[in-house]
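For the sequence shown, our numbering assigns the number 2 to the initial residue and increments by one for each residue that follows. Below is one structure; the comments refer to it alone.
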Amino acid sequence: MIVIAGPASNGIGFRLSKILKAEYTRAVTKFFPDGETYVKIEGEIEGRDAVIVQSLYPPQDRHYLQLLFMIDTVRDLGAKSIVAVVPYMAYARQDKRFLPGEAISIKTILKGIEHAGAEYLITVDIHNEKSLEEWLNIKYVNLSAAPILAKYFERRMRNPLILAPDRGALNRAREAADVLNCEYDFLEKYRDRNTGEVTIKPKKLKVKGKDVLIIDDVISTGGTVVLATKELLRLNADKVYIACTHPLFAGNSYEKVLSSGVEEIVATDTIPSPVSYVSVAPLIAEYLKNILK
Ligand code: R5P
């Protein structure tokens with residue numbers, strides 16, 4: 002097996018190679034003066050299981066094109082099998098035509114990965130797992146980071162309650178609650194499809210005297226978790242903690258979330274950020290061990 006890290010592997014490829022005791026190489030990338038992307042794969046690829054690691058954090062489009070170039074090249078070089086490890090799957094939130102005429106972006110993204118030649122896709126907490134089911138014709142897995150994020154908080158919270166910021170994220174809250182052996186619930190969230198503005202409906206929650214952990218897949222503008230934090234503090238929660246898998250932190254949202262009254266924010270390393278403390282590498286390595294036996 003050879004692990005090939007793209008420029009947006011954020012160290013995950015290297016960690017995987019260490020855990021799996023596999024050979025490691027980095028894709029060489031640069032940009033031509035006109036802005037076009039160049040990719041070169043070094044190392045012996047022919048006849049080997051190739052694991053390509055490239056997350057799709059910003060600049061998403063550039064990282065995506067690099068991923069396609071890597072997959073196609075590795076196929077040309079005669080890899081025995083190709084696993085694409087895409088810890089953060091960009092464009093996953095545009096998974097339907099919310100307004101007439103909109104692109105279903107994730108469909109195009111997934112089709113590209115498949116057509117470039119990946120035979121297996123490993124991703125982490127994709128926004129909607131149904132996208133994989135619906136649009137992909139290769140094998141895939143969507144790993145959940147909720148248990149490893151919850152583990153981080155194991156001895157940090159007193160009288161914990163896990164909250165999903167919306168009903169769609171309830172499964173994630175349940176998985177985290179299983180680790181912390183506590184209760185979980187969800188908030189009622191509404192997002193205006195034209196303005197993107199988020200509102201949270203007041204809901205009766207018994208949070209007084211509790212440490213509440215909000216767990217979400219993505220923090221982008223921070224609107225969701227800031228509103229949720231404020232609502233929980235209004236309801237007299239003791240402390241509010243935030244865990245998210247993909248810390249996008251668009252614009253000044255990190256500062257915005259920090260000043261919302263939250264006790265601590267923790268995220269995984271699918272995207273580099275000031276709080277990417279929890280690595281998804283062990284999770285992915287465990288899965289790779291099973292499929293590349
Ligand atoms: C939405 O359904 C997701 O689970 C996240 O809650 C959302 O994408 C976060 O976005 P923002 O940080 O912009 O509120």
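From the three backbone atoms N, C-alpha and C, an ideal C-beta is built for every residue, glycine too.
Nearest-angstrom Cα separation, counted from residue j out to residue i
i	j	result
VAL258	GLU198	16 Å
ILE5	GLY262	41 Å
ASN182	GLY113	41 Å
GLU120	ASN237	50 Å
ARG235	GLY7	44 Å
Residue i (DSSP reduced to helix, strand or coil)
i	result
TYR255	helix
ALA165	strand
THR26	strand
VAL142	strand
HIS247	strand
SER18	helix
ALA80	coil
LEU68	helix
Pair within 7 Å by beta-carbon distance, residue i and residue j
i	j	result
ALA170	VAL281	no
VAL212	PRO161	Note that residue 212 is Asp in the sequence shown, not Val. Taking 7 Å as the Cβ cut-off, ASP212 and PRO161 qualify as a contacting pair.
MET2	ALA23	yes
PRO148	VAL125	no
VAL56	ALA9	With the sequence shown as reference, residue 56 is identified as Ser, and Val is not the correct amino acid for it. For SER56 and ALA9, yes; Cβs fall inside 7 Å.
ILE72	GLY44	no
TYR278	GLU264	no
ILE13	VAL54	yes
Exposed unless 16 or more other CB atoms sit within 10 angstroms - verdict on residue i
i	result
THR74	buried
GLU232	buried
HIS128	buried
ASP77	exposed
Beta bridge counterpart(s) of residue i as assigned by DSSP
i	result
TYR191	THR200
PHE32	THR38
ALA6	ARG27, VAL54
LEU122	ALA85, TYR141
Residue-level contact to chain B via CB, residue i, 7 Å cutoff
i	result
LEU293	You won't find chain B in this structure, because it holds only one protein chain.
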